[in-house]
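The listed protein sequences correspond, in order, to chains A and B. Per this note's numbering, the first sequence starts with residue 410, numbered consecutively. Per this note's numbering, the second sequence starts with residue 410, numbered consecutively. Report on one structure; see the data block that follows.
2 protein chains.
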Amino acid sequence: MNLILLAPEEIEHSRLARIHDPRRLRHLKEIHRARVGDRFTLGVEGGGIGHGELMSLSDREACFSLGALDAPPPPPLPVHLILALPRPRMLARSLEHLTALGVKQVTLLHTQRVEKSYWQSPELAPEKILAHLVLGLEQARDTVMPTVTLAKGFRPFVEEQLPALIEGRRGLLAHPGMARACPRGINEPTLLLVGPEGGFIPFEVERLLEAGCEGIHLGPRILRVETAVTALLARLF
Amino acid sequence: MNLILLAPEEIEHSRLARIHDPRRLRHLKEIHRARVGDRFTLGVEGGGIGHGELMSLSDREACFSLGALDAPPPPPLPVHLILALPRPRMLARSLEHLTALGVKQVTLLHTQRVEKSYWQSPELAPEKILAHLVLGLEQARDTVMPTVTLAKGFRPFVEEQLPALIEGRRGLLAHPGMARACPRGINEPTLLLVGPEGGFIPFEVERLLEAGCEGIHLGPRILRVETAVTALLARLF
């Protein structure tokens with residue numbers, strides 16, 4: 410927890426913050442070994458970042474005196490990530506990685522090789538997704554919550570949503586065996602599509618290329634989804 | 410398991426391989442749902458890669474008829490990674506990521522902010538480390554085992570080992586706040602140093618810069634060690 414992310418309702422007259430949730434109280438005590446007077450980095454959800462001093466800490470509440478929370482959060486990546494729904498444990502970690510890296514728009518997509526049971530996972534409950542996004546923001550000292558949407562059908566996604574998403578963005582389909590190596594250091598609005606374990610099937614690759622995506626690859630190594638997503642984002646931006 | 414990695418003693422007269430370990434037998438049955446006649450990618454440790462056909466599968470043994478195992482493994486990354494020893498769970502995942510990405514030389518280093526207890530972790534047992542390296546190779550379809558060495562003192566490492574390691578390599582110290590952004594697509598022998606959670610202390614940074622390392626950063630976001638290692642490798646190579 411490199412930043413304490415405050416919900417607007419946790420701030421009183423802009424100078425005082427109170428948090429009550431057991432997770433952060435425990436983290437302050439056990440990991441930070443926090444003491445009254447300690448200085449912390451705090452940020453308000455969707456807003457600025459600054460410092461505050463711990464005024465009190467109990468089993469029920471931590472109270473901070475706030476300085477100006479006026480530093481901007483780190484810049485986001487100019488990418489909308491379309492990710493084939495990974496298996497639940499991988500989803501959790503991938504959400505944390507991609508949030509820490511600065512992705513702000515994520516669509517979780519069904520494809521042929523996504524196991525249908527994944528869509529029933531408790532990890533897809535909005536509060537579970539939110540918890541992982543918060544961990545990613547706390548890690549990277551960011552305040553801007555990503556938006557995660559679910560696209561449970563491949564064909565409706567390609568026909569109804571993809572044309573609008575690719576408009577004004579460079580569409581990149583990351584898939585082993587594509588002709589072109591992943592470009593480096595591009596600085597333009599991007600739509601990045603990453604398949605499931607086992608990849609997109611040929612029919613899906615064809616539809617995505619037809620829709621205007623460029624196929625790119627990361628080399629001969631087959632990477633886990635969470636490794637591939639981090640590697641792609643680090644190389645592209 | 411995108412590749413079945415064979416130890417030399419698992420191969421009989423170059424045309425037949427037998428494996429007996431429960432982990433891979435279970436994986437073949439439960440994940441691959443393997444059947445006699447199925448074709449698999451196999452490779453011999455430190456050697457070539459090819460295909461083989463499953464001849465029999467029981468609770469005790471899988472037997473493969475081998476084609477030529479003569480395709481080369483994917484190229485390694487030209488890097489020796491010096492990684493401050495992460496906490497055990499993070500170490501396990503980091504070893505898998507970096508092996509899958511093609512790192513072949515790893516030194517796990519003690520620094521001021523590495524908790525001393527981490528050096529007592531069962532995760533550091535050679536057979537545990539090996540297990541994670543094997544998982545990384547199986548993932549990336551590689552056969553060349555990385556070498557992992559332990560450097561339990563920072564000062565002896567800097568004084569006795571670093572001068573020889575940096576000879577003929579570009580030394581890069583990844584640390585927040587360094588002057589230069591991580592370079593992209595370098596293709597030269599590199600020594601990459603990555604600190605622990607909380608970073609190197611200023612004394613350590615000074616010693617490493619004095620020893621000839623260039624300081625580089627990954628931007629304003631603070632990343633977990635496993636995310637940072639993947640991001641650095643993907644951007645550098």
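All C-beta atoms in this analysis are idealised placements derived from N, C-alpha and C, irrespective of residue type, glycine included.
In three-state DSSP terms, what is M499(B)? helix
Does any CB atom of chain A fall closer than 8 angstroms to the CB of A443(B)? no
Looking at the secondary structure, which residues open and close the beta strand (DSSP E) in which F449(B) lies? 448-453
For P495(A), does the count of other Cβ atoms within 10 angstroms reach 16, so buried, or fall short, so exposed? buried
Three-way DSSP call (helix, strand, coil) for A471(A) in this model: strand
Between Q514(B) and chain E, is the shortest Cβ-Cβ distance under 8 angstroms, so that the two count as touching? No chain E is part of this structure, whose protein chains are labelled A and B.
Answer yes or no: do T450(B) and R550(B) have a C-beta to C-beta separation smaller than 8 angstroms? yes
Going by the beta-carbon positions, is the gap between A501(B) and E532(B) smaller than 8 angstroms? yes
Indicate whether at least one CB of chain B lies closer than 8 angstroms to the CB of G562(A). no
Less than 8 angstroms between CB atoms is the rule here; does R630(A) satisfy it with respect to chain B? yes
In the structure shown, what three-state DSSP assignment does L466(A) receive? strand
Out of G459(B), E421(B), A620(B), state which residue places its alpha-carbon closest to the alpha-carbon of N411(B). G459(B)
Do you know offhand how far E418(B)'s Cα is from C472(B)'s? 13 angstroms
Beta-carbon of A509(B) versus every beta-carbon of chain A: anything under 8 angstroms? yes
Going by beta-carbon coordinates alone, are M554(B) and E635(B) separated by less than 8 angstroms? no
Per DSSP, I413(A) forms a beta bridge with which residues? L451(A)
Quick test of the definition: if touching needs 3 or more C-beta pairs under 8 angstroms, does the segment 575-593 of chain A touch the segment 460-470 of chain A? no
With 8 angstroms set as the bound, which would you pick, yes or no: does the beta-carbon of N596(B) sit closer than that to a beta-carbon of chain A? no
Please classify F646(A): is it buried, with 16 or more other beta-carbons within 10 angstroms of its beta-carbon, or exposed? buried
Quick one: is F612(B) buried, meaning 16 or more other Cβ sit within 10 Å of its Cβ, or exposed? exposed
Are the CB atoms of G604(A) and T520(A) within a distance shorter than 8 angstroms? yes
Residues near V523(A) in its chain [Cβ-Cβ closer than 7 angstroms; skip 5 each side]: A493, L494, P605
What first and last residue would you give for the beta strand (DSSP E) that runs through I428(B)? 425-428
Give the interface partners of T639(B) over in chain A, defined as CB-CB distance under 8 angstroms, in chain order. T636, T639, A640, A643
Interface positions of the segment 529-557 of chain B facing chain A (Cβ-Cβ less than 8 angstroms), listed along the chain: Q548, A549, R550, D551
Note down, in chain order, each residue of its chain lying with its Cβ closer than 6 angstroms to the Cβ of R589(B), except the 5 sequence neighbours on either side. I625
Buried versus exposed, by CB contacts within 10 Å (16 or more), S526(B): exposed
Assuming A588(A) is part of the alpha helix (DSSP H), what are its boundary residues? Looking at the DSSP string, A588(A) is not in any alpha helix (DSSP H), and its letter there is neither H nor E.
Let's see if you can read the secondary structure: which residues bound the beta strand (DSSP E) around G584(B)? Per the sequence shown, residue 584(B) should be read as His rather than Gly. Segment: none, H584(B) is in no beta strand (DSSP E) and carries neither H nor E.
With a threshold of 8 angstroms between beta-carbons, can H584(A) be considered close to chain B, or not? no
Under 8 angstroms between C-beta atoms, does R589(A) make it to chain B? no
With the cut-off set at 8 angstroms, would you say R630(B) and P483(A) are in Cβ contact? yes
Sequence-distant residues of its chain with Cβ nearer than 7 angstroms to G456(B) (five each side left out): L478, T552
Straight-line gap, V567(B) to V512(A) (C-alpha atoms, nearest Å): 37 angstroms
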